[in-house]
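Sequential numbering of the sequence shown, starting at 1, is according to my numbering. Okay, structure first, notes after.
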Amino acid sequence: MAKIDELLGNAVTVAIAGHISPDGDCVGSCMGMYLYLKKNRPDIQADIYLEEVRDVFNYIACVEEVKAQADPEKVYDCLLVSDTSSPDRIGAAGKYLDTAREVVCIDHHITNEGFGGKNVINARASSASEVVCGLLDTERIDKDMATALYTGIIHDSGVLQYSNTSPDTLRMAAMLIDKGIHFSEIIDRSFYEKTFAQNRILGKVLETAQMYLGGQVIVGAVYPEDVTYYGIDKKDTDGIVSQLRLTRGIKAAVFLYPLEKDVFKVSLRANGNTDVSKVASVFGGGGHIKAAGCTLYGSAKEVKEKLLEELAKQMD
Ligand code: AMP
Ligand code: MN
Ligand code: MN
């Protein structure tokens with residue numbers, strides 16, 4: 001019996017959900033699970049709920065079946081949440097938290113306190129997709145499921161490069177490649193390829209980034225006027241913080257994106273020993289030691305000051 005069958009028990013109706021602004025790991029882990037249940041557990045009626053999925057993930061089978069809205073009338077036996085560090089980060093399907101008979105939480109965020117009745121949280125895993133993969137019967141993973149799960153692993157490990165990549169991650173990636181997936185295209189299409197507007201905003205942010213704390217911290221920001229000038233939205237800025245992190249000598253990279261007037265989405269990345277999950281937690285956010293996020297209120301200048309103060313403490 002695969003671990004997922006034990007976790008689901010005798011549930012007949014299952015809602016699968018991830019976090020708001022779903023990234024590659026969120027989409028990959030949820031779709032991998034959804035496709036697995038659909039094919040291997042015909043006794044289960046599974047639905048998948050995610051906020052708008054970027055069209056770069058259109059190669060994932062059945063992605064058009066994702067529901068963006070929750071149905072207030074529906075009650076599920078099980079709500080299965082993946083890649084989501086806290087219940088307030090579940091999108092539309094957060095409604096089902098109160099009504100589902102069971103909540104199963106599958107994750108890899110160090111700040112996840114385990115909000116499910118059953119929790120499978122491995123903070124050493126590269127991705128939630130890796131955790132999901134470990135719960136499935138390998139023999140019953142097909143090419144479509146492998147494509148989704150590989151997407152998730154690739155995205156959260158920076159193409160098997162970040163320090164969260166373990167021998168287990170690589171063994172799993174190898175098993176998924178064995179299923180016949182087009183791994184090279186998956187990586188190019190969903191991870192590296194950028195639109196012209198995305199490249200331009202990346203250029204703008206790098207050009208105007210500044211160094212603080214004696215060169216230990218780099219801060220790059222998108223300003224409200226850039227959003228209209230470059231015709232971009234938040235999703236177009238994926239990957240900018242990773243590029244900032246590659247600045248020689250820095251210990252932390254900060255990226256600010258304006259959600260509304262005086263509201264910034266903050267992305268934090270660390271090199272070496274700095275723990276940015278602690279900085280994000282101070283401001284009600286969370287994440288991983290080397291990649292975390294939060295939302296902050298105030299002008300860009302105020303937000304920068306607050307972050308630099310906490311980062312300085314973390315680096316002492
Ligand atoms: P990001 O910078 O948005 O790519 O996020 C980096 C990591 O931190 C991801 O694993 C996110 O799930 C997590 N994260 C980002 N923002 C928040 C937040 N507001 N609360 C909790 N976790 C977050
Ligand atoms: Mn994620
Ligand atoms: Mn993840």
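Virtual Cβ for every residue (Gly too), placed ideally from N, Cα, C. Just so we're clear, the structure is a prediction, and the values are computed from it rather than from any experiment.
{"query": "Start-end ranges of the beta strand (DSSP E) lying completely within the segment 103 to 172, minimum 3 residues", "result": "118 to 121"}
{"query": "Exposure of methionine 145, with buried meaning 16 or more beta-carbon neighbours within 10 Å", "result": "buried"}
{"query": "Glycine 287 beta carbon near ligand 1 (any heavy atom closer than 7 Å)", "result": "yes"}
{"query": "Beta strand (DSSP E) runs contained entirely in the segment 2 to 55, provided each spans 3 or more residues", "result": "13 to 17, 45 to 49"}
{"query": "CB contact below 8 Å: threonine 237 versus chain B", "result": "Checking the listed chains, one finds no chain B in this structure; it contains a single protein chain."}
{"query": "Run of the beta strand (DSSP E) containing serine 277, from where it starts to where it stops", "result": "Counting along the chain, serine 277 falls outside any beta strand (DSSP E), though it belongs to the alpha helix (DSSP H) covering 276 to 282."}
{"query": "Nearest candidate by alpha-carbon position, reference threonine 237, set Val132, Lys204, Ala11", "result": "Lys204"}
{"query": "Close Cβ partners of phenylalanine 283 (< 7 Å) along its chain, the five nearest in sequence each way excluded", "result": "Cys294, Leu296"}
{"query": "Cβ-heavy atom distance, valine 53 to ligand 1, below 7 Å", "result": "no"}
{"query": "Histidine 19 vs aspartate 98 beta-carbon contact at 8 Å", "result": "no"}
{"query": "heavy atom of ligand 1 below 7 Å from threonine 295 C-beta", "result": "yes"}
{"query": "Cysteine 105 beta carbon near ligand 4 (any heavy atom closer than 7 Å)", "result": "Of the ligands this structure carries, namely ligand 1, ligand 2 and ligand 3, none is ligand 4."}
{"query": "Sufficient close CB pairs (3 or more, under 8 Å) joining the segment 38 to 46 to the segment 161 to 174", "result": "no"}
{"query": "Given lysine 352 as reference, the closest of Lys194, Ala221, Ile4, Gly231 once Cα atoms are compared", "result": "There is no way to answer for residue 352, as the model of the chain reaches only from 1 to 316."}
{"query": "Proximity below 8 Å, CB of leucine 311 to CB of alanine 253", "result": "no"}
{"query": "Nearest-angstrom Cα separation, counted from isoleucine 186 out to aspartate 23", "result": "14 Å"}
{"query": "Selected residue, minimal CA-CA separation from alanine 15, among Lys38, Val219, Ser166", "result": "Lys38"}
{"query": "Which residues DSSP lists as bridging valine 263, in chain order", "result": "Glu260, Tyr297"}
{"query": "4-residue-minimum alpha helix (DSSP H) runs that sit fully inside the segment 186 to 255, ordered along the chain", "result": "196 to 208, 224 to 230, 240 to 245"}
{"query": "Check: alanine 221 C-beta below 7 Å from any heavy atom of ligand 1", "result": "no"}
{"query": "Which residues DSSP lists as bridging serine 82, in chain order", "result": "Ile106"}
{"query": "Neighbour-count burial assignment, asparagine 58, 16 or more Cβ in a 10 Å radius", "result": "exposed"}
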